[in-house]
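Residue numbers (this note's numbering), protein chains in the order written: chain A, 1 to 317; chain B, 1 to 317.
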């Protein structure tokens with residue numbers, strides 16, 4: 001098996017599409033082989049530039065990501081795209097859309113698209129996305145675009161992976177700039193005002209400007225606003241230019257260094273927690289034991305702290 | 001110390017306001033005494049009915065919660081309110097508003113209001129809120145209203161505490177019913193269409209009805225829509241009536257039982273994770289060691305899995 005994993009790692013480093021796909025599936029399935037694989041490819045990582053793209057549904061994230069990917073492909077760079085879709089039982093459309101996108105790029109081996117659903121992952125999604133980004137990094141993708149709906153904590157955690165974060169806004173989505181966007185203000189490196197040919201673009205730009213007054217400069221960088229009409233490929237080159245400038249400006253910065261350390265801090269903790277849980281609640285039997293404990297506590301026949309002590313001792317603590 | 005904790009628990013059971021306040025502060029501060037206290041009061045819990053109230057900023061949650069609390073007070077019931085505020089560095093207004101609210105009820109010992117900020121809690125906030133609800137439960141509050149902004153995973157976790165969940169919507173907040181509200185559809189037991197005297201109320205009600213067609217009935221209950229104008233106390237009695245009916249209908253249901261077990265499952269896991277983290281990253285020294293590991297991984301001089309093994313062995317695993 002070590003030999004097989006070594007070969008698998010070699011194939012990934014060579015950019016083999018099937019090997020990459022298998023690796024991502026292994027990560028999604030929590031296959032123990034994926035850990036062995038990630039250990040092997042880890043030294044080949046750290047060269048990709050990860051761009052996070054977030055925004056509410058309907059802001060045109062997928063189109064913008066596709067255009068940006070095409071821009072980098074024209075420069076001869078290999079690109080990976082990870083689309084994180086919060087699929088609820090009532091909205092299954094994302095997966096279909098993704099298949100259509102993959103077909104559009106199917107003839108270009110220099111671009112790799114993979115969607116990851118949030119269902120069943122819960123807190124582990126950011127970890128899984130991070131591992132997939134490592135695989136694409138090792139596979140020689142110089143740009144990894146991570147696309148996610150900017151709503152929950154999960155999405156914020158995913159965005160924390162990125163070296164540069166784009167927040168998409170569009171005119172005419174209502175009064176929610178003041179509410180939902182407040183959280184996004186803190187994570188945006190560049191605001192993309194997409195569908196900028198629509199009415200209300202100037203007003204939205206003014207609103208963002210006004211809110212930006214309240215945000216302290218980070219690392220000498222004040223978030224820019226770039227206007228795009230992604231469907232017509234307008235403003236995409238300009239956006240790529242701003243990303244490049246942000247990259248150049250933050251390359252040596254102490255803040256970027258701190259961000260990378262913080263990023264790994266979180267990931268190490270998440271990984272450690274996952275390992276702990278695997279020991280405390282091992283498989284179906286562990287689940288059944290946990291259910292029994294939960295039932296006793298719900299019935300007030302056991303207090304929660306006694307139940308937790310049992311869980312810890314089961315993990316070997 | 002055990003004697004002191006016993007006395008403290010007695011005071012809480014007697015509804016002593018200062019004892020309750022001290023307990024909540026101890027929970028927020030992760031004071032080890034809080035665990036001792038919760039163990040003692042746990043057998044006296046399980047009688048409160050927990051109502052979760054969630055909705056976007058500007059939907060009038062606080063006013064509605066106040067009115068609902070007043071309704072229960074008129075029936076002679078004691079009420080606890082936990083207001084969970086996602087205070088970002090840029091919005092500190094919630095705390096001030098809360099102080100004003102507390103003063104308004106200051107002369108009524110039968111009502112207890114406490115706000116909890118999300119800052120610094122991260123994933124632990126749901127746990128802390130749950131523990132505070134237990135304290136209020138033991139203190140004889142027959143209704144515990146938990147008020148939170150419905151945006152992120154944290155909030156969803158908090159709402160999972162509730163026996164009955166109200167989702168507030170108001171007319172005229174834009175097109176986002178289709179996006180943000182999709183997630184709320186799954187958690188709402190009752191929709192409160194607040195500010196129902198505004199233009200667009202009928203259209204919003206029709207939109208909710210349309211979305212409800214897609215949601216399967218849970219436990220023989222189809223979420224209702226109640227119209228209120230909380231500022232004028234309109235529709236509040238009717239809302240309380242719907243809550244009472246929901247409570248009656250779900251009292252014996254298998255789904256409610258399953259929900260309680262699921263609730264404790266999550267809490268036990270969260271508590272166990274917390275204990276694990278306290279061992280893996282003990283205090284300032286542990287934080288420094290974790291930072292050092294994260295730095296080595298960021299610099300690619302150590303692989304993440306080796307770093308995680310160090311964390312686990314530090315926890316005693």
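Note that beta-carbon positions come from the ideal geometry of N, C-alpha and C, so glycine has one too.
Name the one or two DSSP bridge partners that residue i has.
i, result
"residue 80 of chain A", "A/112, A/144"
"residue 305 of chain A", "Residue 305 of chain A pairs with nothing; no bridge assigned."
"residue 191 of chain A", "A/167, A/225"
"residue 24 of chain B", "Paired residue(s): none; residue 24 of chain B is not in a bridge."
"residue 234 of chain A", "A/229"
"residue 218 of chain A", "A/221"
"residue 72 of chain A", "Per DSSP, none; premise fails for residue 72 of chain A."
"residue 54 of chain B", "B/148, B/167"
Residues in the same chain with beta-carbon distance under 7 Å from residue i, minus the five sequence neighbours each way, listed in chain order, please.
i, result
"residue 175 of chain B", "Any answer about residue 175 of chain B is weak, because its pLDDT of 48 lies below 50 and its placement is not dependable; what the coordinates show is given next. So no residue of the chain qualifies."
"residue 24 of chain A", "114, 132, 135"
"residue 77 of chain A", "142, 143"
"residue 40 of chain A", "5, 6, 9"
"residue 253 of chain A", "219"
"residue 19 of chain B", "8, 11, 12"
May I have the straight-line CA-CA distance separating residue i from residue j, to the nearest angstrom?
i, j, result
"residue 44 of chain B", "residue 134 of chain B", "9 Å"
"residue 5 of chain A", "residue 127 of chain A", "21 Å"
"residue 68 of chain B", "residue 241 of chain B", "11 Å"
"residue 202 of chain A", "residue 14 of chain B", "59 Å"
"residue 296 of chain A", "residue 290 of chain A", "10 Å"
"residue 262 of chain B", "residue 207 of chain A", "43 Å"
"residue 162 of chain B", "residue 17 of chain A", "47 Å"
"residue 268 of chain A", "residue 292 of chain A", "30 Å"
"residue 200 of chain A", "residue 63 of chain B", "32 Å"
"residue 87 of chain A", "residue 204 of chain B", "Its pLDDT being 48, under 50, residue 87 of chain A is placed unreliably in this model, and the coordinates cannot settle the point."
"residue 42 of chain B", "residue 309 of chain A", "16 Å"
"residue 93 of chain B", "residue 57 of chain B", "Reliability fails at residue 93 of chain B, whose pLDDT of 43 lies under 50, so the model's placement of it is uncertain and the value that follows must be treated cautiously. Going by the C-alpha atoms only, they are around 12 Å apart."
"residue 95 of chain B", "residue 30 of chain B", "Unreliable positioning characterises residue 95 of chain B in this predicted model, as indicated by a pLDDT of 49, which lies under 50. The coordinate reading is nonetheless provided below. Distance between the alpha carbons of residue 95 of chain B and residue 30 of chain B is about 21 Å."
"residue 304 of chain B", "residue 272 of chain A", "10 Å"
"residue 228 of chain A", "residue 74 of chain A", "19 Å"
"residue 146 of chain A", "residue 158 of chain A", "8 Å"
Figure out for me which residue from the options has the closest Cα to the Cα of residue i.
i, options, result
"residue 48 of chain A", "A/138, A/226, A/56", "A/138"
"residue 132 of chain B", "B/196, B/35, B/296, B/284", "B/35"
"residue 148 of chain B", "B/129, B/163, B/255, B/222", "B/129"
"residue 142 of chain A", "A/191, A/11, A/233, A/244", "A/244"
"residue 195 of chain A", "A/236, A/305, A/145", "A/236"
"residue 282 of chain B", "B/312, B/160, B/304, B/249", "B/312"
"residue 294 of chain A", "B/264, B/314, B/254, B/66", "B/264"
"residue 212 of chain A", "A/249, A/186, A/246, A/116", "A/186"
"residue 209 of chain B", "B/40, B/248, B/24, B/169", "B/169"
"residue 233 of chain B", "B/20, B/29, B/16, B/60", "B/60"
"residue 171 of chain B", "B/41, B/23, B/51, B/55", "B/55"
"residue 53 of chain A", "A/112, A/28, A/188, A/42", "A/188"
"residue 287 of chain B", "A/285, A/156, A/266, A/164", "A/266"
"residue 111 of chain B", "B/199, B/42, B/21, B/198", "B/21"
"residue 28 of chain A", "A/300, A/228, A/75, A/116", "A/116"
"residue 260 of chain B", "B/58, B/160, B/302", "B/160"
"residue 165 of chain B", "B/230, B/65, B/302", "B/65"
"residue 223 of chain B", "B/304, B/3, B/167", "B/167"
"residue 230 of chain B", "B/258, B/252, B/197", "B/197"
Report all residues from its chain with a CB closer than 8 Å to the CB of residue i; omit the five preceding and five following residues, and keep chain order.
i, result
"residue 316 of chain A", "279"
"residue 226 of chain B", "190, 191, 192, 193, 235, 238, 239, 242"
"residue 26 of chain A", "33, 34, 37"
"residue 144 of chain A", "48, 49, 50, 51, 79, 80, 81, 82, 133, 136, 137"
"residue 221 of chain B", "189, 246, 249, 250"
"residue 218 of chain B", "255"
Please list, in chain order, all residues of the same chain as residue i whose beta carbon is under 6 Å from its beta carbon, the five residues on each side excluded.
i, result
"residue 10 of chain B", "none"
"residue 140 of chain A", "15, 78"
"residue 307 of chain A", "293, 297"
"residue 72 of chain A", "79, 143"
How about residue i: is its Cβ closer than 6 Å to a heavy atom in the ligand ZN?
i, result
"residue 166 of chain A", "Looking at this structure, you won't find the ligand ZN or any other ligand, since it has none at all."
By the 8 Å beta-carbon criterion, what residues does the region 273 to 286 of chain B contribute toward chain A?
So the close ones are 273, 275, 276, 277, 279, 280, 281.
With 7 Å as the C-beta to C-beta threshold (strictly closer), list the residues of the region 126 to 141 of chain A near chain B in chain order.
Within the region 126 to 141 of chain A, no residue has a Cβ that lies closer than 7 Å to any Cβ of chain B.
Closer than 8 Å between beta carbons: that is the criterion. Which residues of the region 38 to 57 of chain A meet it against chain B?
Listed in chain order, the positions of the region 38 to 57 of chain A with a beta carbon within less than 8 Å of a beta carbon of chain B are 38, 39, 42, 43, 45, 46, 56, 57.
Members of the region 65 to 81 of chain B that neighbour chain A once the beta carbon cut-off is set at 9 Å
Under the 9 Å Cβ criterion, the region 65 to 81 of chain B contributes no residue.
Return the residues of the region 285 to 306 of chain A that lie within a Cβ-Cβ distance of less than 7 Å from chain B, sorted by chain order.
Those would be 290, 291, 293, 294, 295, 297, 298, 300, 303, 304, 305, in chain order.
Quick one: which residues of the region 7 to 20 of chain A get their C-beta closer than 7 Å to a C-beta of chain B? List them in chain order.
So nothing in the stretch comes that close.
What residues in the region 252 to 267 of chain A have a beta carbon less than 7 Å from any beta carbon of chain B?
Residues 260, 261, 264, 265, 267.
Got a sec: which bits of the region 191 to 217 of chain B sit with their beta carbon under 9 Å from any beta carbon on chain D, in order along the chain?
Absence of chain D from the displayed structure is noted, the protein chains being A and B.
What are the residues of the region 26 to 37 of chain A that lie near chain B, defined by any Cβ-Cβ distance shorter than 7 Å?
So the close ones are 35.
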